[in-house]
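Participant:
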Amino acid sequence: MPPLSDLASLGLAAGAGMLGGAMNALAGGGSFATMPSLIALGLPSPIANATSNVAVQPAAMASAWAYRADLGPVGGVGIRTLAGITFVGGLVGSLLLFFTPATAFDVIVPWLLLMATLAIAFGKPASTWLHARVAIGSRSLIAAQTLLGIYGGYFGGGVGMMLTAAWGLLSGASPAKLAAPRTLMLATANAAATIVFAATGMVAWTLCLPMMAGGVVGGYFGARFGRKLPDAVIRGWTLLVTATTTIVFFYRAYA
């Protein structure tokens, strides 16, 4: 029988997975729950980030499959083209993480968290405001998708909101119409990262597997409760978690 401390670690990983899965189902930002928990359990931050990305992959794939009937081009760019760009970008980003020293990642990650928090807080209104004033074509969308694919493979926090904001600006589509392709791109970037992280030994499987199971459970119940909760409550909770996590990581890196 595993020691109590080991059982507690497994339980915390599963609980963090449930919270992260629920957040992803409700509004995104699940990595703000999963990655810090893995760091608290003693993993170096790049390993924690890689393990977190792999843990959410089954839930991401299930969501992408559920949305498959609603897939279509975005801003004149075919879904297969976007997926290919995202997959290659995810490979590049995850390889960049592999070659990033833990000390450097500790300094970089608070800024990535801040960027993700701002995307969650202001992505939609900023996109709406800019789209009313700017018209940009498919080439810009492809360039933005390349950068977001790399970001998704390297870190991934808040990338769903970033995709919605960028696509809303560049294609003019509503967030509801972008849900299906966005979900597929998240799963695609995660799939690419999973290949690299698993091949390079960056995944702490002992904690990853219970977190993975928790993520599936949390995603299911998060989707069910999300239908009943007011949008303001969901948004407020998500921003509270993301902002608090960002502050903690800035203190950890620079205090």
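The opening position of the sequence shown corresponds to residue 351 in our numbering, with each subsequent residue numbered one higher. All residues carry an ideal CB built from backbone N, CA and C; glycine is no exception. Being a predicted model, the structure only gives us computed values, none of them experimental.
(1) Quick one: using the 10 Å Cβ neighbour count with 16 as the cut-off for buried, is residue 371 buried or exposed?
(2) Could you check whether the Cβ of residue 587 sits closer than 7 angstroms to any heavy atom belonging to the ligand MG?
(3) Alpha carbon to alpha carbon, how far is residue 425 from residue 599? Give it in angstroms, no decimals.
(4) Hey, is the region 450-470 in contact with the region 543-563, meaning 3+ C-beta pairs nearer than 8 angstroms?
(5) Would you list the one or two residues that DSSP bridges to residue 424?
(6) Give the C-beta separation of residue 500 and residue 439 to the nearest angstrom, bearing in mind that I take them to be a contact with Cβ-Cβ under 8 angstroms.
(7) To which residues of the same chain is residue 471 closer than 7 angstroms at the C-beta, ignoring the five residues directly before and after it?
(8) Taking contact to mean 3 or more Cβ pairs, one atom from each stretch, closer than 8 angstroms, check whether the region 377-395 and the region 505-518 are in contact.
(9) Please classify residue 572 as buried or exposed, where buried requires at least 16 neighbouring CB atoms within 10 angstroms.
(10) Nearest by alpha-carbon distance to residue 435: which of 357, 540, 496, 519 is it?
(11) Between residue 606 and residue 530, is the Cβ-Cβ spacing less than 8 angstroms?
(12) Would you give the residue range spanned by the alpha helix (DSSP H) that residue 408 belongs to?
Facilitator: If we stick to the structure as given:
(1) Label assigned to residue 371: buried.
(2) In the structure shown, the ligand MG is absent, as is every other ligand, since no ligand is present at all.
(3) Spanning the two alpha carbons is a distance of roughly 36 angstroms.
(4) Touching, no, given that fewer than three Cβ pairs across the two stretches are closer than 8 angstroms.
(5) Answer is 427.
(6) That pair is a contact at about 4 angstroms.
(7) Closer than 7 angstroms at the Cβ level, and outside the excluded window around residue 471, lie 589.
(8) Enough Cβ pairs lie closer than 8 angstroms, so yes.
(9) Under this definition residue 572 is a buried residue.
(10) Cα-wise, what sits closest to residue 435 is 496.
(11) As displayed, the chain neither begins before 351 nor continues past 605, which places residue 606 out of reach and without an answer.
(12) That run of the alpha helix (DSSP H) goes 407-416.
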